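S.K.:
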Amino acid sequence: MNVRLLAAPRAPAGARAGIDRIVRLRPPAALSTLVLPLLVLALWQLAASHALLPVQILPPPALVLNTLADLTLSGDIFTNLGVSLWRIGIGIAIGCSLGLALGTVMGLSQAADDYISPLFRALAQIPSLGWVPILILIFGLDEIVKYLIIAKACFVPTTIAMAEGIRNIPRSYKEVATVLGLGRRATIRKLIVPAALPTIFGGLRLAFSHAWIALIVVEMLAAQEGVGYMMVWGRTLFQTDIVIAGMIVIGVIGLAMDSGLRRLERRLRRWAVPA
Amino acid sequence: MTDITIDAGVKTPRHGKGRLWRGAVLPVALLAAWAVVPRLLPTPHPLLVPLDEVLAAPFIDESGREIWASLAQTLLRYAGGFALGASAGLALGLLVGASALADRLVSPSFNAVRQIALFAWIPLLTAWFGNGEASKIVFIALSAFFPVALNTHDGLRTIAKGYMEVAAVLKLSPRRRVLKLLLPGALPSILIGLQIGLITAWLGTVGGEYMIGIGRGLGIFIAEARGQFRMDLVLLGVIFLALIGFLANLGFRRLSEPLIQWQGTKP
Amino acid sequence: MSLAADIHSTRGLRIRGVGKTYRIEGRPLPVLQNIHLDIAPGEFIGIVGASGCGKSTLLRLITGLEADYEGEIVLGGDPIGGPSRERGIVFQDHRLFPWLTVEDNIALGLDGLAAAEIRERIAENIELVGLQGFEKAYPHQLSGGMAQRAAIARALAMRPDILVLDEPLGALDSLTRVRLQNELFRIWRQSRMTMVMVTHDVEEAVYLSDRVVVMESRPGRIKTTIPVHLDHPRQRTSEAFVTLRRTVYESLQY
Chain A
1 MNVRLLAAPR
11 APAGARAGID
21 RIVRLRPPAA
31 LSTLVLPLLV
41 LALWQLAASH
51 ALLPVQILPP
61 PALVLNTLAD
71 LTLSGDIFTN
81 LGVSLWRIGI
91 GIAIGCSLGL
101 ALGTVMGLSQ
111 AADDYISPLF
121 RALAQIPSLG
131 WVPILILIFG
141 LDEIVKYLII
151 AKACFVPTTI
161 AMAEGIRNIP
171 RSYKEVATVL
181 GLGRRATIRK
191 LIVPAALPTI
201 FGGLRLAFSH
211 AWIALIVVEM
221 LAAQEGVGYM
231 MVWGRTLFQT
241 DIVIAGMIVI
251 GVIGLAMDSG
261 LRRLERRLRR
271 WAVPA
Chain B
276 MTDITIDAGV
286 KTPRHGKGRL
296 WRGAVLPVAL
306 LAAWAVVPRL
316 LPTPHPLLVP
326 LDEVLAAPFI
336 DESGREIWAS
346 LAQTLLRYAG
356 GFALGASAGL
366 ALGLLVGASA
376 LADRLVSPSF
386 NAVRQIALFA
396 WIPLLTAWFG
406 NGEASKIVFI
416 ALSAFFPVAL
426 NTHDGLRTIA
436 KGYMEVAAVL
446 KLSPRRRVLK
456 LLLPGALPSI
466 LIGLQIGLIT
476 AWLGTVGGEY
486 MIGIGRGLGI
496 FIAEARGQFR
506 MDLVLLGVIF
516 LALIGFLANL
526 GFRRLSEPLI
536 QWQGTKP
Chain C
543 MSLAADIHST
553 RGLRIRGVGK
563 TYRIEGRPLP
573 VLQNIHLDIA
583 PGEFIGIVGA
593 SGCGKSTLLR
603 LITGLEADYE
613 GEIVLGGDPI
623 GGPSRERGIV
633 FQDHRLFPWL
643 TVEDNIALGL
653 DGLAAAEIRE
663 RIAENIELVG
673 LQGFEKAYPH
683 QLSGGMAQRA
693 AIARALAMRP
703 DILVLDEPLG
713 ALDSLTRVRL
723 QNELFRIWRQ
733 SRMTMVMVTH
743 DVEEAVYLSD
753 RVVVMESRPG
763 RIKTTIPVHL
773 DHPRQRTSEA
783 FVTLRRTVYE
793 SLQY
């Protein structure tokens, strides 16, 4: 007897192809990202559960997560984060505005650049780290030290980017402005600012990341609160779970800041002036 | 043709001497002030030490003389830590750059871990390795590792597809592919990675010493000077910090330039 | 000259029913359709056609840089596999490795040969393309025309059976281009190499080819093949030449 197999209703060809594409593309990409972290996590858990090392050195992943949750719930993370973000905000405001101002002067005036550039470059050679002990000696462990260090950290890249951004505007565009008879204000508004913007933004992104690093450094050395301090505190108490939790928070924030700025930069670069 | 500058009317000397003199004005003035002003005060302020005293300290001052031994220790650590970190970075970068599979597996995690501000590693490292040499060397290695790995990987990944096709058509053996295409093609990027790594490792060396605070080295010298309120020694230490970083960078650039002379002069 | 005896091609290329389709977002995009072409050893074939007619794709299939096609491509009786030193290619951008000298670039595909043999081949190909004196130069020191000659030398050094040229003179200025066309002709004559050249320049195709293959696009097909029965060296201004050139132009129109 012939058994007639009823064909299952088929999705239309287009939809099928679409689903195929999704199904085929997604798993490999996501899975391979997780392989290594999961492996590390597994080894970590294994080592911790067999107590190969004391808890002070290798806290189990669960404990770290717990601590992270505790700190979040108790608000500790947010308080510390708030202080840190406030500090970095002030530092960036000071450093970047000074940097933009000086960079503008140096970019627009060759004479100013001649006078200032060598000194600027020499001072820029001194890393933010070097300024820490100097400022601490002058101001003690006051808040102003943090602001100044962060300000210095973003001042240098901002100045350089601003000056370069202005200087790198292709001569050809400046010639067009001259030929079209644009006055100085119009030129600045219509040519210099938009053309320099992508370079400036790149410098700002760099400045932000330097500021972030400077913040951590100065908080680890000279603060009583903040995310940097949190880790030192955890270390002093021999609570490595707090230390690791702190590192995770720092990593995540660093990532968020950087990708946020990158996205903004990409938007700006859409109409970037080719060098 | 007028240029859009603030001082469009001022005659700017185009090259050479005129501009060099201008550049010297501020630094010279500053140094002179540094040497003279502290002496003008009625009572010497501990924080305002004249320039010449700062510069003489490593030779005259008892505590100042310690700096030489500290420097030696620091430089040794720097060399060792950098060698360790750079080799690890090269190895990982080559692996991840050459193998698409390794790239997919490792890169996301690498980029995530890279986000953790470098100095944030110190508490963890000291918890694991104590306050001795091991922590410092590992931290220096870590500082060098990230930029070297990143740029090595980049160098391999961005070798123009056109060259890869040539290698395919010429049927280059894997060994020849690596020796004649991948390594030289990636070399400019690798060198940049090493250059950046040298700087970050130097900052990691002195910074790590400063933070850990125990042992012998430039960072510790500076930390102790700060503890004793010796601004002159702090400034001395910072001068050496900046100077050695600058020299290392310069030296590396000079040494590596001949390696990529095939790039020719870019317009 | 021993050169001709050693280099010249012995095997012909047979392309039968070749087609290639790309898949963009699930939808098929036919790039080549039903290509038939027989190429005798030592022939010079010029391929012209508008952009998008798949002529570059055809070259890449011949060299094995792309696969996955219908039909067959057979070299002297053997179906081709992946890339092989029997089928050489010269790209529009010379793609000399910037970190190798001219002679190192030429020797790139010559591993496996004895050192003496390698030196000999370098020398004979340098002479063939006219780059004597520039053996130790780096690519950035060469002009566009010289670099392209070095690329040709690199391909010929492996003594392929067929040399495929993908718009080799397209990146050069017109004066250099004319000069290189003469050079290319001379190299072809001396080596008696089978050459298949894709070009946008109709005059170039008529100047060099034994046959001009005209392709049309969407999908890429051979529209017609125009034999060029003129004696070498050809006069670009001769009536016969101009007529042939016009014929090719007209067949390119729709």
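Protein chains in written order, with our numbering: chain A, 1 to 275; chain B, 276 to 542; chain C, 543 to 796. Backbone N, C-alpha and C fix where the C-beta goes; we use that ideal spot for every residue, glycine too. Just so we're clear, the structure is a prediction, and the values are computed from it rather than from any experiment.
#1: For leucine 607/C and alanine 122/A, I'd like the C-alpha separation in whole angstroms.
#2: So, valine 132/A versus leucine 221/A, is the Cβ gap smaller than 9 Å?
#3: Taking the alpha carbon of leucine 137/A as the reference point, which residue from Pro321/B, Trp537/B, Leu315/B and Ile519/B has its own alpha carbon closest?
#4: So glutamine 575/C is in the beta strand (DSSP E); what residue range does that whole segment cover?
#5: Which ranges would you report for the beta strand (DSSP E) in the segment 656 to 711 of chain C if only whole runs of at least 3 residues count?
#6: Am I right that isoleucine 149/A and serine 172/A are in contact with their C-beta atoms under 8 Å? What's the rounded C-beta distance?
#7: Roughly how many angstroms separate the alpha carbons of proline 30/A and glutamine 575/C, rounded to a whole number?
#8: For isoleucine 94/A and alanine 151/A, what's the separation of their Cα atoms in angstroms?
#9: Starting from the C-beta of tryptophan 396/B, find all residues in its chain whose C-beta is less than 8 Å away, skip the five residues before and the five after it, and write them out in chain order.
#10: Under 9 Å between C-beta atoms, does glycine 228/A make it to chain B?
#11: For a cutoff of 9 Å on Cβ pairs, would you count valine 551/B as touching chain A?
#12: Taking only runs that begin and end inside the segment 70 to 156 of chain A, name each unbroken beta strand (DSSP E) of 3 or more residues, in chain order.
#13: Would you mind telling me which residues of chain B sit closer than 8 Å to tyrosine 564/C, beta carbon to beta carbon, in chain order?
#14: Measuring CB to CB, does alanine 361/B end up less than 9 Å from valine 423/B?
#15: In three-state DSSP terms, what is leucine 456/B?
#16: Where do the ends of the alpha helix (DSSP H) carrying lysine 436/B lie?
#17: Is leucine 229/B helix, strand or coil by DSSP?
#18: What distance in whole Å lies between the Cβ atoms of valine 740/C and isoleucine 803/C, which are believed to be in contact at a cut-off of 8 Å?
#19: Does the segment 578 to 588 of chain C touch the segment 748 to 762 of chain C, meaning 3 or more C-beta pairs lie closer than 8 Å?
#20: Report the three-state DSSP secondary structure of methionine 735/C (helix, strand or coil).
#21: Between glycine 103/A and alanine 161/A, is the Cβ-Cβ spacing less than 9 Å?
#22: Can you pull the chain B neighbours of serine 626/C, defined as C-beta to C-beta under 8 Å?
#23: Just how far apart, CA to CA, sit arginine 167/A and glycine 594/C?
#24: To be precise: take each residue of the segment 155 to 172 of chain A, compare its Cβ to all Cβ atoms of chain B, and keep it if any distance is under 8 Å. Which residues remain?
#25: From glycine 502/B to glycine 228/A, what does the alpha carbon distance come to, in whole angstroms?
#26: Using beta carbons (cut-off 9 Å, strictly below), is tryptophan 537/B in contact with chain C?
#27: Report the rounded CA-to-CA distance for methionine 247/A versus isoleucine 391/B, giving the unit in angstroms.
#28: Based on the DSSP output, what are the partners of aspartate 620/C in its beta bridges?
#29: Could you confirm whether any beta carbon from chain A is found closer than 9 Å to the beta carbon of alanine 523/B?
#30: Taking one C-beta from the segment 607 to 616 of chain C and one from the segment 674 to 682 of chain C each time, how about it: are there three or more such pairs within less than 8 Å?
#31: Just how far apart, CA to CA, sit alanine 57/A and alanine 409/B?
#32: Which of helix, strand or coil does DSSP assign to leucine 182/A?
#33: Starting from glycine 282/A and walking both ways along the alpha helix (DSSP H), at which residues does that stretch end?
#34: Kindly indicate which residue of Pro769/C, Arg728/C and Ile622/C has the alpha-carbon position closest to the one of threonine 789/C.
#35: Proline 449/B versus chain C: which residues are under 9 Å apart at the beta carbon?
#36: Please name the residue in Pro463/B, Pro302/B and Glu328/B whose C-alpha comes closest to that of arginine 505/B.
M.R.: Let's see:
#1: To locate residue 607/C, count along the third sequence from 1; it is residue 65. To locate residue 122/A, count along the first sequence from 1; it is residue 122. The alpha-carbon atoms of leucine 607/C and alanine 122/A are separated by roughly 53 Å.
#2: As a first step, residue 132/A is located in the first sequence; it is residue number 132 there, counting from the start. As a first step, residue 221/A is located in the first sequence; it is residue number 221 there, counting from the start. Taking 9 Å as the Cβ cut-off, valine 132/A and leucine 221/A qualify as a contacting pair.
#3: In the first sequence, residue 137/A corresponds to position 137, counting from 1. Per the Cα distances, Pro321/B.
#4: Residue mapping note: residue 575/C aligns to position 33 of the third sequence, counting from 1. From DSSP, the beta strand (DSSP E) with glutamine 575/C extends over 569 to 581.
#5: 704 to 708
#6: Against the first sequence, residue 149/A aligns to sequence position 149. Against the first sequence, residue 172/A aligns to sequence position 172. About 41 Å separates the two Cβ atoms, so there is no contact after all.
#7: Taking the first residue of the first sequence as position 1, residue 30/A is located at position 30. Taking the first residue of the third sequence as position 1, residue 575/C is located at position 33. The residue you asked about is not proline; residue 30/A is alanine in the sequence shown. Cα-Cα distance, rounded: 38 Å.
#8: Position 94 of the first sequence holds residue 94/A. Position 151 of the first sequence holds residue 151/A. Taking the straight line joining both Cα atoms gives about 6 Å.
#9: Within the second sequence, residue 396/B is the residue found at index 121, counting from 1. So the list reads Phe414 and Leu417, once near-sequence residues are dropped.
#10: As a working note, residue 228/A is residue 228 in the first sequence. So, interface residue.
#11: The structure shown does not extend to residue 551/B, since chain B is modelled only from 276 to 542, so the question has no answer here.
#12: none
#13: Counting from one through the third sequence, the residue named residue 564/C turns up at place 22. In chain order: nothing, as chain B lies at least about 17 Å away.
#14: The count along the second sequence starts at 1 and reaches residue 361/B at position 86. The count along the second sequence starts at 1 and reaches residue 423/B at position 148. Result yes, Cβ atoms of alanine 361/B and valine 423/B sit closer than 9 Å.
#15: Locating residue 456/B in the second sequence gives position 181, where the first residue counts as 1. Helix.
#16: Residue numbering aside, residue 436/B sits at position 161 when the second sequence is read from its first letter. 436 to 444 is the span of the alpha helix (DSSP H), which, as asked, contains lysine 436/B.
#17: Because chain B is modelled from 276 through 542, residue 229/B falls outside the range shown and cannot be assessed.
#18: The requested residue 803/C is not part of the displayed model; chain C covers only 543 to 796.
#19: yes
#20: Counting from 1 along the third sequence, the entry for residue 735/C is found at position 193. Here methionine 735/C sits in coil by DSSP.
#21: Against the first sequence, residue 103/A aligns to sequence position 103. Against the first sequence, residue 161/A aligns to sequence position 161. For glycine 103/A and alanine 161/A, yes; Cβs fall inside 9 Å.
#22: Within the third sequence, numbered from 1, the residue matching residue 626/C stands at position 84. Correct list: Lys446.
#23: Residue mapping note: residue 167/A aligns to position 167 of the first sequence, counting from 1. Residue mapping note: residue 594/C aligns to position 52 of the third sequence, counting from 1. Spanning the two alpha carbons is a distance of roughly 42 Å.
#24: none
#25: Here residue 502/B refers to the residue found at position 227 of the second sequence. Here residue 228/A refers to the residue found at position 228 of the first sequence. So the two alpha carbons sit approximately 21 Å from each other.
#26: Against the second sequence, residue 537/B aligns to sequence position 262. Yes, tryptophan 537/B counts as interfacial toward chain C.
#27: In the first sequence, the residue the question calls residue 247/A occupies position 247. In the second sequence, the residue the question calls residue 391/B occupies position 116. Straight-line Cα distance between these residues: approximately 6 Å.
#28: In the third sequence, residue 620/C corresponds to position 78, counting from 1. Note: aspartate 620/C sits in a beta bridge opposite Leu617/C.
#29: Here residue 523/B corresponds to residue number 248 of the second sequence, with the count starting at 1. Not an interface residue.
#30: no
#31: Taking the first sequence and counting its residues from 1, the one referred to as residue 57/A is at position 57. Taking the second sequence and counting its residues from 1, the one referred to as residue 409/B is at position 134. First, the amino acid is wrong: residue 57/A is isoleucine here, not alanine. Rounded to whole angstroms, isoleucine 57/A to alanine 409/B spans 15 Å at the Cα level.
#32: Position 182 of the first sequence holds residue 182/A. If DSSP states are grouped into helix, strand and coil, leucine 182/A belongs with coil.
#33: Because chain A spans 1 through 275 in this model, residue 282/A falls outside it and cannot be assessed.
#34: Translated into the one-based positions of the third sequence, residue 789/C becomes position 247. Ranking the options by Cα distance to threonine 789/C, first place goes to Pro769/C.
#35: Position 174 of the second sequence, counted from the first residue, corresponds to residue 449/B. Correct list: empty, because the minimum Cβ distance to chain C is about 12 Å.
#36: As a working note, residue 505/B is residue 230 in the second sequence. When each option's Cα is compared against that of arginine 505/B, the closest is Glu328/B.
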